[in-house]
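*Asks:*
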Amino acid sequence: MTGHVQEQPWPQDKIKRSALPCWQNWLVTGITLSYLICELAFNSRLLDLVGSVSTADEVHNMERYGRTLTAIAAALLVLQFSLMGLVRLKKKGIRLTANVSTALVLLICLIAGTLTWHAVEWVIERQVTKSTGEFRQMSLLAQLYQHALIEGQQTLEGIPLDSGGGQARTWTSPSGKAFLATLPVLLSSSDRYRKLLESDAEQNLRDNISAQEGGVRGYYEAWIKAREEVHKKFVAYYNDEMDISETVRLEQARAWQRYERSLEAKRLKTWNVPRRYYATVRNQVRGQGVPVTRDWTPSDRAGFDAAVAKAAREKYLAQRTVVYEGVTIPKRLDWGVFFRLNVVQKALREKLQLPGNTLVREQYPLNDKLKQFALELHAPHLDEAVKQKLPELRAAAPSYSAGGVNEKLGEDAARAVIVPPVALMFSLVGALTHLAKLLYLVLVPVTAAILTRRSSRSVQLMNRYPLAFPVALIAILVITFGVTNNSITESPAYQHLKNGLKEAEVAITDKPLPLSGGTLLRVVHAVSIGQSYSYPVNHFLREHVLQGFDFGYVTRDE
756 MTGHVQEQPW PQDKIKRSAL PCWQNWLVTG ITLSYLICEL AFNSRLLDLV
806 GSVSTADEVH NMERYGRTLT AIAAALLVLQ FSLMGLVRLK KKGIRLTANV
856 STALVLLICL IAGTLTWHAV EWVIERQVTK STGEFRQMSL LAQLYQHALI
906 EGQQTLEGIP LDSGGGQART WTSPSGKAFL ATLPVLLSSS DRYRKLLESD
956 AEQNLRDNIS AQEGGVRGYY EAWIKAREEV HKKFVAYYND EMDISETVRL
1006 EQARAWQRYE RSLEAKRLKT WNVPRRYYAT VRNQVRGQGV PVTRDWTPSD
1056 RAGFDAAVAK AAREKYLAQR TVVYEGVTIP KRLDWGVFFR LNVVQKALRE
1106 KLQLPGNTLV REQYPLNDKL KQFALELHAP HLDEAVKQKL PELRAAAPSY
1156 SAGGVNEKLG EDAARAVIVP PVALMFSLVG ALTHLAKLLY LVLVPVTAAI
1206 LTRRSSRSVQ LMNRYPLAFP VALIAILVIT FGVTNNSITE SPAYQHLKNG
1256 LKEAEVAITD KPLPLSGGTL LRVVHAVSIG QSYSYPVNHF LREHVLQGFD
1306 FGYVTRDE
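With this note's numbering, letter number 160 in the sequence shown gets 915, and the count goes up by one each step, no holes.
(1) What residue does the beta strand (DSSP E) around ALA1073 start on, and which one ends it?
(2) Measuring only the C-alpha atoms, how far is ILE770 from SER1182?
(3) Compute the Euclidean distance between the alpha carbons of THR823 and ALA796, then round it to the nearest angstrom.
(4) Out of TYR1119, ALA1066, ASP1138, VAL1282, state which residue places its alpha-carbon closest to the alpha-carbon of THR1244.
(5) As a quick exercise: from HIS1136, SER944, ARG1087, pick the residue whose alpha carbon is nearest that of GLU889.
(6) If you run the structure through DSSP and keep just helix, strand and coil, what is GLU1260?
(7) For the stretch 865 to 872 against the stretch 915 to 925, do three or more pairs of beta-carbon atoms, one drawn from each stretch, fall closer than 8 Å, so that the two count as touching?
(8) When you compare each of SER928, ARG1009, ARG1031, LEU1023 to GLN1043 by their alpha carbons, which one comes out closest?
(9) Let me know the secondary structure DSSP gives SER1000 once reduced to three states.
(10) Answer yes or no: do ARG961 and MET893 have a C-beta to C-beta separation smaller than 8 Å?
(11) With a threshold of 16 other CB atoms inside 10 Å of the CB of THR1076, please say whether the residue is buried or exposed.
(12) Using the C-alpha atoms, what's the distance from ALA1064 back to GLU818?
(13) My assumption, with CB atoms under 8 Å, is that VAL971 sits in contact with GLU906. Please give the rounded CB distance.
(14) Looking at the structure shown, is THR1076 part of a helix, part of a strand, or coil, going by DSSP?
(15) Would a check of beta-carbon distances place ARG1075 closer than 8 Å to chain D?
(16) What's the gap between the Cα of TRP1090 and the Cα of ALA1102?
(17) Thinking C-beta only, is TYR1308 closer than 8 Å to ASN798?
(18) Taking the alpha-carbon of ARG1095 as reference, which of TYR1032, VAL1115, GLU1260 has the nearest alpha-carbon?
(19) Taking C-beta to C-beta, are PRO1176 and THR857 nearer than 8 Å?
(20) Helix, strand or coil: how does DSSP classify ILE1084 here?
(21) Across which residues does DSSP place SER1271 in a beta bridge pair?
(22) Go through the stretch 1202 to 1259 residue by residue and report every complete run of the alpha helix (DSSP H) that reaches 4 residues or more, in order.
(23) For TYR1119, which of helix, strand or coil comes out of DSSP?
(24) Inspect the CB distances between the stretch 1285 to 1300 and the stretch 1264 to 1272 and report whether three or more fall short of 8 Å.
(25) Is DSSP giving GLN892 helix, strand or coil here?
(26) With 16 other CB atoms within 10 Å as the buried threshold, where does HIS1136 fall?
(27) Evaluate TRP778 with the Cβ neighbour count: other Cβ atoms within 10 Å of its Cβ, from every protein chain shown; 16 or more gives buried, anything less gives exposed.
(28) In the structure shown, what three-state DSSP assignment does VAL1199 receive?
(29) Could you check the C-alpha separation between ALA1186 and LYS1126 for me, to the nearest Å?
(30) I believe TRP1011 touches SER1054 by the beta-carbon criterion, under 8 Å. Please report the beta-carbon distance rounded to the nearest angstrom.
(31) Considering Cα atoms alone, identify which of LYS1021, SER1242, ALA1061 is closest to VAL1344.
(32) Have a look at ALA1227 and LEU788 and give me their C-alpha separation to the nearest angstrom.
(33) How do the stretch 821 to 837 and the stretch 871 to 884 stand: do at least 3 beta-carbon pairs fall below 8 Å, yes or no?
(34) Would the beta-carbon of PRO939 fall within 8 Å of that of GLN898?
(35) Between the C-alpha atoms of GLU968 and VAL1172, what's the straight-line distance to the nearest angstrom?
(36) Quick one, are the C-beta atoms of LEU935 and VAL814 less than 8 Å apart?
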């Protein structure tokens, strides 16, 4: 008897149906699904950025894409409510034409998206511009520490080591990248970690410079490029094909002025010389060293310049010396001698950022795995680069504040630390919100269709409370991620961080954030665990559905 009752369809008046027409409901569902794919793909790319040694421009590019997706997310929410509002107006007897309805909905969505775009920008820029000098300096140090972790030069206690002695495998994993996204802002916002960040700052700076340049191999390629540029100039020098256009231009101007003065002495201008004096003027001009042609006329500037250029070229070819980069050197020096000229070496040292006494060789052996190159060029280069940048790193904190000499450097550091966690949080909130909305949009018509055919208590509950199921599912996942651990959250280093931030205030500006460091770390914990499960799916969507779209960030491997 019970089985027979369950097979009966549910009463039609008790079945909850979508407030939107069927085609509009599936249209919003399709748009939401498309947005979700883009948002999840962006999420995976954002983690790729965080898990690498990135630049300020790369962070800025990603931030713009993230802001755009957040604006789209807001517009999509407004889209659904706008369509539902039109349905209510229709039920009240207020009918709008299709064109007016479409224009109104699009306008509302555009306004919502634009306001969201600028609101997110305002949130980020306000934190950056209002950030204290201490936070900016700590951000710079925290970035170097983060990059040292990624490159394996620094390790955290208790986290498994790779075969090379570093922990790169951990930090390139999805959970590691998510942890690194927020680590710098947590370290920067509390003064208790200053000693940790300052202790190895010089070595971290050195390692960061090397990593930015691609290590020894990257610097070797820079040397190859510099040598090729010198060789091109050498070929032009050796074959008497040097660019003397500037010399010719100056000589043309001087010669023409001299010619004009000689005419003015006779109360003549270039344009009013009588024809009977043409031959005399030609001879005078030739006497000044300008071999003009027989048919040249006194007002012909182009012909005059051509004659000056010809004379300058002949003089250049006849000389035994030549002026190279402002220095007079003999002609026909061989490649080795030319390469070691002081003027050439000086230019190379400036281009390759080397100390003043460094000898740049024209060749380095490859069979020693570039050991000689690393010893003679790369190490001195890093010494010089650190020497130039270290004073900025050790400058007083107020110098990073507004109006300070290091203001731009401090702003870039603060932005690089603030943007990734903010972008990650907006991305996750947008993705989870629209995931719940997508499940809601699908559940209502699907459960309604099932109930029209047969009765089911569980389906009835989902139909009556269609939003409760997706919200409960997401809440369960978040709670599960919050209590699950991995090698990072179980490590002593993480526990020290947890204890240190438990009641600590997180301050970017003069006013602390509403959330304590401990609360933020719990959020980081859940996000870090969750990303280890979601990243493979998100990465697959980016690679295969979006055809590898890079969101403004390209890795060295790509």
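Backbone N, C-alpha and C define an ideal beta-carbon position, used for all residues, glycine too.
*Replies:* Taking the coordinates as given:
(1) Numbered from 1 along the sequence shown, position 318 holds the residue referred to as residue 1073. Element bounds for ALA1073: not the beta strand (DSSP E) but the alpha helix (DSSP H), 1056 to 1073.
(2) Mapped onto the sequence shown, residue 770 falls at position 15. Mapped onto the sequence shown, residue 1182 falls at position 427. Whole-angstrom Cα-Cα distance: 34 Å.
(3) For this step, residue 823 is matched to residue 68 along the sequence shown. For this step, residue 796 is matched to residue 41 along the sequence shown. If I take the Cα positions, the gap works out to 14 Å.
(4) Counted from its first residue, the sequence shown places residue 1244 at position 489. Here the closest residue by C-alpha is VAL1282.
(5) Position 134 of the sequence shown, counted from the first residue, corresponds to residue 889. For GLU889, the nearest C-alpha among the options comes from SER944.
(6) By 1-based counting over the sequence shown, the position of residue 1260 is 505. In this structure, GLU1260 counts as strand in the three-state DSSP scheme.
(7) no
(8) Numbered from its first residue, the sequence shown carries residue 1043 at position 288. Nearest option by C-alpha distance: ARG1009.
(9) The residue given as residue 1000 occupies position 245 in the sequence shown. Note: SER1000 maps to helix in three-state DSSP.
(10) In the sequence shown, counting from the first residue as 1, residue 961 sits at position 206. In the sequence shown, counting from the first residue as 1, residue 893 sits at position 138. Here ARG961 is not near MET893, since their CB atoms are 8 Å or more apart.
(11) Your numbering for residue 1076 matches position 321 in the sequence shown. So THR1076 ends up on the exposed side.
(12) Sequence index remark: in the sequence shown, residue 818 carries index 63 (1-based). Sequence index remark: in the sequence shown, residue 1064 carries index 309 (1-based). Near 54 Å, if we compare the C-alpha coordinates of ALA1064 and GLU818.
(13) Locating residue 971 in the sequence shown gives position 216, where the first residue counts as 1. Locating residue 906 in the sequence shown gives position 151, where the first residue counts as 1. Rounded to the nearest angstrom, the Cβ distance from VAL971 to GLU906 is 13 Å, too far for a contact under 8 Å.
(14) Residue 1076 sits at position 321 when you count from the first residue of the sequence shown. DSSP places THR1076 in strand when its eight states are reduced to three.
(15) No chain D appears in the structure shown, which is made up of a single protein chain.
(16) Translated into the one-based positions of the sequence shown, residue 1090 becomes position 335. Translated into the one-based positions of the sequence shown, residue 1102 becomes position 347. When rounded, the distance between both Cα atoms is 16 Å.
(17) By one-based count along the sequence shown, residue 798 stands at place 43. By one-based count along the sequence shown, residue 1308 stands at place 553. The answer is no: Cβ separation not under 8 Å.
(18) Position 340 of the sequence shown, counted from the start, is the residue given in the question as residue 1095. Closest option to ARG1095, Cα to Cα, is VAL1115.
(19) Residue mapping note: residue 1176 aligns to position 421 of the sequence shown, counting from 1. Residue mapping note: residue 857 aligns to position 102 of the sequence shown, counting from 1. Going by C-beta atoms, PRO1176 is not nearer than 8 Å to THR857.
(20) Indexing the sequence shown from 1 puts residue 1084 at position 329. Three-state result, ILE1084: strand.
(21) For the purposes of this step, residue 1271 is taken as the residue at position 516 of the sequence shown. Its beta-bridge partners are GLU1260.
(22) 1212 to 1219, 1223 to 1238, 1247 to 1256
(23) Translated into the one-based positions of the sequence shown, residue 1119 becomes position 364. Here TYR1119 carries a coil assignment [DSSP, helix/strand/coil].
(24) no
(25) The residue you call residue 892 lines up with position 137 of the sequence shown. In the structure shown, GLN892 adopts helical secondary structure according to DSSP, grouped into three states.
(26) Translated into positions along the sequence shown, residue 1136 becomes position 381. The residue is buried, with at least 16 neighbouring Cβ atoms inside 10 Å.
(27) Taking the first residue of the sequence shown as 1, we reach residue 778 at position 23. So TRP778 counts as exposed.
(28) Looking up residue 1199 in the sequence shown gives position 444. VAL1199 falls in the helix class under three-state DSSP.
(29) Position 431 of the sequence shown holds residue 1186. Position 371 of the sequence shown holds residue 1126. C-alpha separation (whole angstroms): 49 Å.
(30) Residue mapping note: residue 1011 aligns to position 256 of the sequence shown, counting from 1. Residue mapping note: residue 1054 aligns to position 299 of the sequence shown, counting from 1. Not confirmed; about 11 Å, so no contact.
(31) Because the chain spans 756 through 1313 in this model, residue 1344 falls outside it and cannot be assessed.
(32) On the sequence shown, residue 1227 is found 472 positions in, with the first residue counted as 1. On the sequence shown, residue 788 is found 33 positions in, with the first residue counted as 1. One C-alpha to the other measures close to 20 Å.
(33) yes
(34) Taking the first residue of the sequence shown as 1, we reach residue 939 at position 184. Taking the first residue of the sequence shown as 1, we reach residue 898 at position 143. Yes, these two residues count as a Cβ contact at 8 Å.
(35) Your numbering for residue 968 matches position 213 in the sequence shown. Your numbering for residue 1172 matches position 417 in the sequence shown. GLU968 and VAL1172: Cα-Cα distance of roughly 21 Å.
(36) Here residue 935 corresponds to residue number 180 of the sequence shown, with the count starting at 1. Here residue 814 corresponds to residue number 59 of the sequence shown, with the count starting at 1. No, they are not a contact pair.
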